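Novice:
2 protein chains.
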Amino acid sequence: MRQAHESEMAEDYVELIAELIEARGEARPIEIAERLGVKPPTVTKNISRLKAAGLVRRERYRAIFLTEAGQQLAESCRRRHRIVVAFLQLLGVDEETAERDAEGIEHHVSKTTLAAFERALEKC
Amino acid sequence: MRQAHESEMAEDYVELIAELIEARGEARPIEIAERLGVKPPTVTKNISRLKAAGLVRRERYRAIFLTEAGQQLAESCRRRHRIVVAFLQLLGVDEETAERDAEGIEHHVSKTTLAAFERALEKC
DNA sequence: TAGAAAATTTAGCCCAAGCTAACTTTTCAG
DNA sequence: CTGAAAAGTTAGCTTGGGCTAAATTTTCTA
Ligand SMILES: [Mn+2]
Ligand SMILES: [Mn+2]
Ligand SMILES: [Mn+2]
Ligand SMILES: [Mn+2]
Chain F
1 MRQAHESEMA EDYVELIAEL IEARGEARPI EIAERLGVKP PTVTKNISRL KAAGLVRRER
61 YRAIFLTEAG QQLAESCRRR HRIVVAFLQL LGVDEETAER DAEGIEHHVS KTTLAAFERA
121 LEKC
Chain R
125 MRQAHESEMA EDYVELIAEL IEARGEARPI EIAERLGVKP PTVTKNISRL KAAGLVRRER
185 YRAIFLTEAG QQLAESCRRR HRIVVAFLQL LGVDEETAER DAEGIEHHVS KTTLAAFERA
245 LEKC
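As you go down the protein sequences, you meet chains F and R in turn.
Per my numbering, the very first residue in the first sequence carries number 1; after that it's consecutive.
Per my numbering, the very first residue in the second sequence carries number 125; after that it's consecutive.
1) Just to confirm my understanding: we take F189 (chain R), look at its own chain, exclude 5 residues before and 5 after, and list those with CB closer than 6 Å. What are they?
2) Cβ of G104 (chain F) versus every heavy atom of ligand 6: is any distance shorter than 8 Å?
3) Who are the near neighbours of E8 (chain F) in its chain, counting only those whose CB is closer than 7 Å to its CB and skipping five residues on each side?
4) Does D218 (chain R) get closer than 9 Å to chain F when you measure Cβ to Cβ?
5) Which residues mark the beginning and the end of the alpha helix (DSSP H) in which L197 (chain R) is found?
6) Taking 9 Å as the threshold (beta carbon to beta carbon), is K123 (chain F) in contact with chain R?
7) Should A222 (chain R) be labelled buried (16 or more other beta-carbon atoms within 10 Å of its own) or exposed?
8) Within the chosen definition, does the segment 184-204 of chain R reach the segment 137-151 of chain R through at least 3 CB pairs nearer than 8 Å?
9) Could you name the residues of chain R that V109 (chain F) contacts, counting a contact when the two beta carbons are closer than 9 Å?
10) Under 8 Å Cβ-Cβ, which residues of chain R neighbour R97 (chain F)?
11) Can you confirm whether R119 (chain F), when its beta carbon is compared against all beta carbons of chain R, has any partner nearer than 9 Å?
12) Quick check: is the beta carbon of L88 (chain F) nearer than 9 Å to any beta carbon in chain R?
13) Go ahead and label V167 (chain R) buried or exposed: buried means 16 or more other beta carbons lie within 10 angstroms of its beta carbon, across all protein chains shown.
14) At which residues does the alpha helix (DSSP H) containing R186 (chain R) begin and terminate?
15) Are the C-beta atoms of M125 (chain R) and some chain F residue less than 9 Å apart?
16) Does the distance from the C-beta atom of G149 (chain R) to that of L174 (chain R) stay below 9 Å?
17) For A116 (chain F), which residues in chain R fall below 8 Å Cβ to Cβ?
18) Would you say the beta carbon of E139 (chain R) is closer than 8 Å to some non-hydrogen atom of ligand 4?
Okay, structure coming up:
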């Protein structure tokens, strides 16, 4: 049973691209660069990696969109992100810290652990 | 207020070195390689990075020891590791998964979040 | 609608962290 | 005490993900 094992880079990018598309209708390299705190050439390079990985659809100089696979990955990453943040806040962590820690933690949370977080959230 | 920001590599190495010294009296590259799932040359290279960072004391071909700074870092990493694992288990995650997830999560847990984990552990 | 500004890409670097192959040093068994 | 096995190092390569400077393309605005 092959685990897909997308990289953290891929997860953060598709998550952000999905959010930008939702908010603005399209995702532009310059916004991705700003949000992720990297420079535009880094985004260009990483986007072509995502394209090679089949997660992104894109023509040169144009906006970036997600493939079917990219959308699915983005959805599960966004869901996981929300759960991790909510869970940390439930424990009493302030929102800013919860967001910052979740940005790293999310990539190491297995299905099992995510389910445990959800259980904790359910029982208020 | 300068945050030290040791790399994940450094944290995992000093943590493991401390454990090996505790268990065996010394830490040897070949054991580090086995435990971390990397090859010996990788360990040699990383140990010299740790030495350059002042975390490790070592002569060529000899066992590896921690400096004062290395011991302090190791202690706080081991403590954090234990807390994260115990916390995940408290949530109902099985030990193996808790260990595996904690190995990644630990590096992204801020002081604030760690304190929240401890609070949860205290109130049983 | 031409030209300036903004966005994007390309080229060419850097560094961390991994690997294999080959070599050197240490250790251990007979 | 010697030689083979084990351990460790070195050399040299690869990949991912970052950067700057410079070129190119697109988008605005006067
Ligand atoms: Mn993230
Ligand atoms: Mn995220
Ligand atoms: Mn770890
Ligand atoms: Mn650990």
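Here a beta-carbon is modelled for each residue, glycine too, at the ideal position from N, C-alpha and C.
The model shown is predicted, which means the values in this text are computed figures rather than measured ones.
Specialist: So, from the listed chains and residues:
1) R181
2) Among the ligands in the structure shown, ligand 6 does not appear; only ligand 1, ligand 2, ligand 3 and ligand 4 can be found there.
3) H107
4) yes
5) 192-214
6) no
7) buried
8) yes
9) D225, G228, I229
10) Looking at the sequence itself, residue 97 (chain F) is Thr, so the reference to Arg does not match. Going along chain R in sequence order, the residues near T97 (chain F) (Cβ under 8 Å) are S234, T236, T237.
11) yes
12) yes
13) buried
14) Per DSSP, R186 (chain R) belongs to no alpha helix (DSSP H) and is neither H nor E.
15) Interpretation of M125 (chain R) is limited by its pLDDT of 48, a score under 50 that renders its predicted location unreliable; no figure is taken from the coordinates.
16) no
17) L212, L215, G216, V217
18) yes
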